[in-house]
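S.K.: Sequential numbering of the sequence shown, starting at 12, is according to our numbering.
Here it is, the structure in full.
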Amino acid sequence: MSTTRIWLTAQTYDELRAELRDLLRQRSEAPVADRERNDPPGSDAEAREREQRIRRLQELLRDPVVGDRPPDDGVAEPGMAVTVRYDDGETETFLLSHEEGRAGAMMVCSPDSPLGRALQDAREGDQVRYTLPDGGTAGCTLLRVVPYTG
């Protein structure tokens with residue numbers, strides 16, 4: 012489980028709660044459907060995926076920060092709009108939030124991703140390095156950090 016604060020907009024919080032309620036309802040109805048089809052309990056990949064999603068939603072909804080904007084202190088943390096310049100010179104702005112945190116047209120970077128972990132608690136002007144999926148490394152400079160106003 013992540014120790015990173017989970018920041019969610021009020022709308023996203025409501026959407027995730029509704030999704031969790033729906034998945035829990037599906038889970039309670041599944042044993043009846045399994046018996047009707049004579050399927051052994053838990054034999055279905057869909058049920059395993061549902062259980063995995065339920066656990067993830069329960070983790071996200073355990074103690075989130077809902078709707079409160081983080082302080083405008085120039086420190087990267089969930090709920091902040093972050094602008095970075097990668098080592099290749101390209102710049103990008105995204106919301107530092109969990110993948111379930113939707114930001115309209117703005118891209119979202121999870122604080123649990125390699126880049127998100129590297130940026131956690133960084134300040135404007137800091138240079139960070141992170142490991143790529145292929146084992147290589149990349150870097151970027153934090154140019155701007157402001158609370159997301161969505």
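In this text, a Cβ means the ideal position worked out from N, Cα and C, and glycines have one as well.
Leaving out five residues before and five after D132 in sequence, what residues of the same chain have Cβ atoms less than 8 Å from its Cβ?
M.R.: V86, A87 and E88
S.K.: Taking contact to mean at least 3 C-beta pairs separated by less than 8 Å, is the stretch 20-39 in contact with the stretch 64-76?
M.R.: yes
S.K.: When DSSP builds the beta bridges, which residues end up paired with P158?
M.R.: M91
S.K.: Apply the 10 Å Cβ neighbour rule to L153 and answer buried if 16 or more other Cβ atoms are within range, or exposed otherwise.
M.R.: buried
S.K.: Quick one: grab the DSSP three-state call for R73.
M.R.: In this structure, R73 counts as coil in the three-state DSSP scheme.
S.K.: Given this structure, state the Cα-to-Cα distance separating T162 from D98, to the nearest angstrom.
M.R.: It is not possible to answer for residue 162, since the shown part of the chain is limited to 12 through 161.
S.K.: Counting C-beta neighbours from all protein chains within 10 Å, is the total for P81 16 or more, i.e. buried, or is it exposed?
M.R.: buried
S.K.: Kindly give me the distance between the Cβ atoms of V95 and S108, rounded to whole angstroms, as I take these residues to be in contact under 8 Å.
M.R.: In fact, because the Cβ distance is near 15 Å, the residues do not count as touching under 8 Å.
S.K.: Among the candidates L31, F105, E57 and R64, whose CA atom is the shortest distance from the CA of P158?
M.R.: The residue with the shortest Cα to Cα distance from P158 is F105.
S.K.: Quick check: what's the CA-CA separation for Q63 versus Q37?
M.R.: 13 Å
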